[in-house]
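K.L.:
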Amino acid sequence: MRRYFPVVALVLFAFALPPLAAATKTAFLLTQATMSAYYALASLGLCALMGYAGQISLGQAGFFAIGGYASSFISTRNLDLLASTPFVRLLDLAGLLVRGTDSYGAPLLSPSPWVSCLCAVLLAAGVAALIGTPVLRLKGHYLAMATLGFGIVIEKIVRGTKALGGADGISGVPAFTILPGLEVTGGRSARSANFTIAWLVLALGYLFLVNLFGSRSGRALRALHDGAEAADAMGVDTARYKLKVFILGAVYAAVAGILLTHYNGSIGPGEANAMKSVRYVAIVAIGGMDNLGGTLVAGLALNFLSLRGVFGSLDDGVFGAVLVFVILLAPEGRLDLFRGKARRTISGGASRGAQS
Amino acid sequence: MRSELFVQYLISGLIYGSIYAAIAIGFNIIYNATGIINFAQGEFAMLGGMIASSLAPSMPLAVAVAVAVALTAAAGIAIERVFLRRVARGGVLKMIVMTIGLSIVIREAALLAWGESIRTLPFFSGNEVSSVSFLGAHFSPQIFWVAGAIALISAGLSLFFKFTLVGKAMRGCAASRDGASLCGIRPDGMVTLAFGMSAGIGAMAGCVVAPLTQTHYAIGSELAIKGFTVAAFGGLGNSVAAVVAGLFMGMLESFSIILIPEAYKDVVTILVLLAVLFLKPSGLFGSRTAGALKEY
Chain Z
1 MRRYFPVVAL
11 VLFAFALPPL
21 AAATKTAFLL
31 TQATMSAYYA
41 LASLGLCALM
51 GYAGQISLGQ
61 AGFFAIGGYA
71 SSFISTRNLD
81 LLASTPFVRL
91 LDLAGLLVRG
101 TDSYGAPLLS
111 PSPWVSCLCA
121 VLLAAGVAAL
131 IGTPVLRLKG
141 HYLAMATLGF
151 GIVIEKIVRG
161 TKALGGADGI
171 SGVPAFTILP
181 GLEVTGGRSA
191 RSANFTIAWL
201 VLALGYLFLV
211 NLFGSRSGRA
221 LRALHDGAEA
231 ADAMGVDTAR
241 YKLKVFILGA
251 VYAAVAGILL
261 THYNGSIGPG
271 EANAMKSVRY
281 VAIVAIGGMD
291 NLGGTLVAGL
301 ALNFLSLRGV
311 FGSLDDGVFG
321 AVLVFVILLA
331 PEGRLDLFRG
341 KARRTISGGA
351 SRGAQS
Chain G
1 MRSELFVQYL
11 ISGLIYGSIY
21 AAIAIGFNII
31 YNATGIINFA
41 QGEFAMLGGM
51 IASSLAPSMP
61 LAVAVAVAVA
71 LTAAAGIAIE
81 RVFLRRVARG
91 GVLKMIVMTI
101 GLSIVIREAA
111 LLAWGESIRT
121 LPFFSGNEVS
131 SVSFLGAHFS
141 PQIFWVAGAI
151 ALISAGLSLF
161 FKFTLVGKAM
171 RGCAASRDGA
181 SLCGIRPDGM
191 VTLAFGMSAG
201 IGAMAGCVVA
211 PLTQTHYAIG
221 SELAIKGFTV
231 AAFGGLGNSV
241 AAVVAGLFMG
251 MLESFSIILI
261 PEAYKDVVTI
271 LVLLAVLFLK
281 PSGLFGSRTA
291 GALKEY
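First to last, the protein sequences are chains Z and G.
Numbered according to the working numbering, the first sequence spans residues 1 to 356.
Numbered according to the working numbering, the second sequence spans residues 1 to 296.
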């Protein structure tokens with residue numbers, strides 16, 4: 001049951017922190033805590049790929065951006081002028097469009113964020129499935145470079161495409177109404193509710209991965225990490241498992257990107273930057289590579305401090321330096337920074353099967 | 001197309017191709033000695049250009065360049081001795097993450113040391129306005145320095161690996177670490193030497209192109225991915241192929257402007273990288289038999 005502890009903690013924090021913050025007049029911290037939760041969600045997806053399947057990806061920010069950009073692009077389309085066309089009317093009748101007015105009072109008729117969210121997740125999963133097959137045939141450095149290249153292509157595309165706002169990105173992204181009265185959006189009045197939403201989503205994402213790794217598929221993934229050939233010999237379809245976890249990681253990043261974009265109301269090409277991808281990798285490595293709990297803590301803590309501006313202009317440098325020293329301190333096995341003493345094993349990899 | 005425009009694109013491709021080739025050669029030296037890809041490779045070119053640009057006002061240019069190359073080589077050696085040697089047993093994933101971390105630290109340190117300003121070096125011969133004319137196109141004589149330096153480096157390396165004892169010892173280590181140590185070669189020393197050489201070559205390339213392309217604390221990561229593209233394109237470990245592939249990539253980039261918007265210029269390189277990795281990871285000049293024995 002210990003492995004469910006972080007889920008319980010996340011749910012408790014999701015409800016307990018907002019009143020606590022209000023009581024101590026630190027409610028302003030909730031904004032960054034909300035954003036950190038979404039970044040941590042993207043890191044968890046990468047942890048599944050890196051720590052459990054043993055495949056590196058330097059393109060996580062690419063999927064984050066695909067999610068955020070696709071959802072904001074679709075949900076900011078104004079179909080009002082096309083309102084009389086049969087297709088738009090059909091969409092409207094199906095309840096897939098929302099009405100509103102822009103800041104000049106002109107009528108807006110846009111796809112509902114539910115639609116844009118679904119499309120964005122499907123797009124990210126589709127892209128992952130498409131590039132996953134050739135990319136995952138590669139190993140080690142080649143895999144790292146190929147995923148890095150993918151991430152850079154996404155960044156150059158969103159930066160160079162006028163329809164996606166070029167260097168400015170997309171702003172004016174509408175609120176994402178999950179339930180009537182409960183929406184993912186910035187603004188003071190929604191701050192507490194959004195913190196709770198974000199941390200609950202994170203808890204849900206964590207719970208899913210914990211259960212996945214405890215299942216048959218999880219054991220197959222672990223076998224993949226320890227030795228792909230051996231896993232192959234035991235009848236694990238390694239290529240299919242790798243692809244599945246790659247898609248899963250992409251979907252985590254996309255969901256994080258979508259929710260954060262609707263929360264912020266905007267997205268820019270900086271989210272697709274290679275340095276962002278490196279940050280996700282850094283968080284997984286600092287968390288201990290195959291340690292979901294560690295990734296969670298590292299993702300929440302480092303992103304929160306970074307968003308609060310604690311590291312000042314040394315932001316990237318701090319991530320780099322922490323990364324270097326964490327790897328330096330744990331050159332031979334995994335890092336035990338966030339793992340209980342009792343769980344430490346004598347000789348690293350060989351006894352990996354003992355835990356879980 | 002007008003012929004002078006054609007020549008102009010050709011020259012620009014030659015300049016960028018040369019620096020990509022130099023970075024690729026740096027990748028190759030380290031790959032041959034250790035089997036790893038050093039993601040911090042581009043930072044060496046940045047360090048070379050930046051150090052030389054700081055020293056140039058207070059000493060002769062040749063001395064400034066020599067000191068920059070020596071200091072960068074020392075930095076390369078330090079990186080290997082202090083950081084990478086200890087991690088070597090941790091597996092490929094850790095090595096990748098380590099060199100990525102180091103590249104960030106070097107870049108941020110450069111930002112602290114030199115700020116965000118764009119820097120340059122004086123031209124090695126002549127000045128900003130001196131030019132050579134060829135088929136109606138005008139270009140700076142600096143490109144002879146660039147082309148000459150790359151030609152010298154690649155020829156020198158070929159001779160070094162073929163004819164000198166140390167060069168042969170390095171190749172021995174690449175072929176078999178254990179075998180080499182049985183012959184009395186110290187593999188650790190060879191790896192250190194490889195990092196020193198690789199860093200020095202990167203710095204040299206950073207210096208010769210600095211007068212033309214300027215330099216900046218953040219140029220490293222872009223150079224690294226393009227250099228890797230070239231190295232993979234030519235076949236990892238093959239330095240002569242890297243020069244050919246580098247020139248090809250440089251030309252491809254500079255001529256791609258004719259067909260596609262400038263904003264997507266870098267996408268071309270990376271698509272080539274992805275195509276090479278997906279279709280023929282042993283590279284254009286890599287042999288299939290040797291490729292079958294390697295892991296990609």
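For glycine and all other residues, C-beta sits at the position ideal for the given N, C-alpha and C.
No experiment lies behind these values; they were computed from the predicted model shown.
1) Looking only at DSSP bridge pairs, what is Arg360/Z linked to?
2) Could you compute how far the alpha carbon of Thr269/G sits from the alpha carbon of Tyr142/Z?
3) So, helix, strand or coil for His216/G, using DSSP?
4) Using 10 angstroms around the beta-carbon of Val82/G, count the other beta-carbons present and answer buried if the total reaches 16, otherwise exposed.
5) Is it true that the CB of Ile247/Z sits closer than 8 Å to the CB of Gly132/Z?
6) Could you check which residue in Trp199/Z, Leu108/Z and Gly95/Z has the C-alpha nearest to that of Asp80/Z?
7) Measure the alpha-carbon distance for Glu271/Z versus Ala180/G and round it to whole angstroms.
8) Check the DSSP bridge columns for Leu179/Z and list the partner residues they point to.
9) Report the option in Lys25/Z, Leu30/Z, Val115/Z and Arg2/Z whose CA atom is closest to the CA atom of Phe15/Z.
10) Would you decide whether Phe139/G is buried or exposed? Buried here means 16 or more other CB atoms lie within 10 Å of its CB.
11) Classify Phe311/Z as helix, strand or coil using the three-state DSSP reduction.
12) How is the beta strand (DSSP E) around Val132/G delimited, first residue to last?
13) What residues match up with Phe139/G in a beta bridge as DSSP calls it?
14) Could you pull out every residue in the same chain whose Cβ sits closer than 6 Å to the Cβ of Leu259/Z, ignoring the five residues on either side in sequence?
15) Helix, strand or coil: which one does DSSP assign to Arg137/Z?
16) Output, in chain order, the set of chain G residues within a Cβ distance shorter than 9 Å of Lys156/Z.
17) What are the complete alpha helix (DSSP H) segments, minimum 4 residues, inside the region 174 to 213 of chain G?
18) Go ahead and label Asn291/Z buried or exposed: buried means 16 or more other beta carbons lie within 10 angstroms of its beta carbon, across all protein chains shown.
19) Which residues of chain G have a Cβ atom closer than 7 Å to the Cβ of Ile258/Z, listed in chain order?
20) Measuring only between beta-carbons, confirm whether Ser347/Z sits less than 8 Å from chain G.
21) If you count every other CB in all the chains shown that lies within 10 Å of the CB of Cys173/G, and 16 or more means buried, which is it?
22) Could you tell me the boundaries of the alpha helix (DSSP H) in which Ala9/Z lies?
23) In chain order, what residues of the same chain lie with their CB nearer than 8 Å to the CB of Ile118/G, ignoring the 5 residues before and after it?
24) Distance cutoff 8 Å, beta carbons only. Does Asp316/Z sit that close to anything in chain G?
25) DSSP on Gly333/Z, reduced to helix/strand/coil?
26) May I ask you to verify whether the region 187 to 205 of chain G touches the region 1 to 15 of chain G, counting CB pairs closer than 8 Å and requiring at least 3?
27) CA-CA distance, Ala253/Z and Pro122/G?
28) Does the CB of Leu102/G have a neighbour CB from chain Z at under 8 Å?
29) Determine, using beta carbons only, whether Phe319/Z comes closer than 8 Å to chain G.
30) Could you pull the start and end residues of the alpha helix (DSSP H) that Thr72/G belongs to?
31) Tell me the rounded alpha-carbon separation between Glu155/Z and Pro269/Z.
32) Does the contact criterion of 3 or more C-beta pairs under 8 Å hold for the region 46 to 59 of chain Z versus the region 277 to 288 of chain Z?
33) If we define contact as Cβ-Cβ less than 8 Å, is Phe228/G a contact residue for chain Z?
34) Note down, in chain order, each residue of its chain lying with its Cβ closer than 7 Å to the Cβ of Phe285/G, except the 5 sequence neighbours on either side.
35) What are the residues that DSSP puts in a beta bridge with Ile170/Z?
36) Give me the Cβ distance between Tyr20/G and Gly184/G, rounded to the nearest whole Å; I'm assuming they're in contact under 8 Å.
P.N.:
Checking against the coordinates, here is how it stands:
1) Outside the shown range of chain Z, which is 1 to 356, sits residue 360/Z, and nothing can be said about it.
2) It is roughly 16 Å from the alpha-carbon of Thr269/G to the alpha-carbon of Tyr142/Z.
3) Here His216/G carries a coil assignment [DSSP, helix/strand/coil].
4) Under this definition Val82/G is an exposed residue.
5) By the CB criterion at 8 Å, Gly132/Z and Ile247/Z fall inside the cutoff.
6) The residue with the shortest Cα to Cα distance from Asp80/Z is Leu108/Z.
7) When rounded, the distance between both Cα atoms is 47 Å.
8) Beta bridge pairing from DSSP links Leu179/Z with Leu182/Z.
9) Closest by alpha carbon: Leu30/Z.
10) Label assigned to Phe139/G: buried.
11) Taken through DSSP and simplified to helix, strand or coil, Phe311/Z comes out as coil.
12) Val132/G -> beta strand (DSSP E) spans Val132 to Phe134.
13) Val132/G, per the DSSP bridge assignment.
14) Within the same chain, Leu259/Z has close Cβ partners Tyr38 and Val184.
15) Under the three-state reduction of DSSP output, Arg137/Z falls in the coil class, being neither helix nor strand.
16) Scanning chain G for C-beta atoms nearer than 9 Å to the C-beta of Lys156/Z yields Ala263, Tyr264, Lys265, Asp266, Val267 and Ile270, reported in chain order.
17) The region 174 to 213 of chain G is shown to contain whole alpha helix (DSSP H) runs of 4 or more residues at 177 to 182 and 187 to 213, in chain order.
18) Asn291/Z comes out buried.
19) When 7 Å is used as the limit between beta carbons, Ile258/Z is near no residue of chain G, the shortest such separation being about 24 Å.
20) Residue confidence is low: Ser347/Z scores 36 on pLDDT, short of 50, so the model does not pin down where it sits. Its coordinate-derived value is still stated next. Chain G contact via Cβ: absent.
21) Burial check for Cys173/G: the Cβ neighbour count within 10 Å reaches 16 or more, so the residue is buried.
22) Under the DSSP assignment, Ala9/Z falls in the alpha helix (DSSP H) whose first and last residues are Phe5 to Ala23.
23) For Ile118/G, the CB contacts under 8 Å within the same chain, skipping 5 residues up- and downstream, are Gln214, Thr215 and His216 in chain order.
24) So, interface residue.
25) Bear in mind that a pLDDT of 46 at Gly333/Z, under 50, signals an unreliable position, so the model cannot answer this.
26) They do not touch, by the three-pair rule.
27) Approximately 46 Å, taken between the alpha carbons.
28) By this cut-off, Leu102/G is an interface position.
29) For Phe319/Z, the nearest beta carbon of chain G is closer than 8 Å to its own beta carbon.
30) In this chain, the alpha helix (DSSP H) harbouring Thr72/G covers Leu61 to Ala78.
31) Rounded to the nearest angstrom, the two C-alpha atoms are 6 Å apart.
32) Yes, they touch.
33) Using a CB distance cut-off of 8 Å, Phe228/G counts as an interface residue toward chain Z.
34) Within the same chain, Cβ atoms closer than 7 Å to the Cβ of Phe285/G are found at Gly234, Gly235, Asn238 and Ala241, the five residues on either side in sequence being excluded.
35) For Ile170/Z, which the question treats as bridged, DSSP gives the partners Ile267/Z.
36) Wrong, their Cβ atoms sit about 37 Å apart, outside the cutoff.
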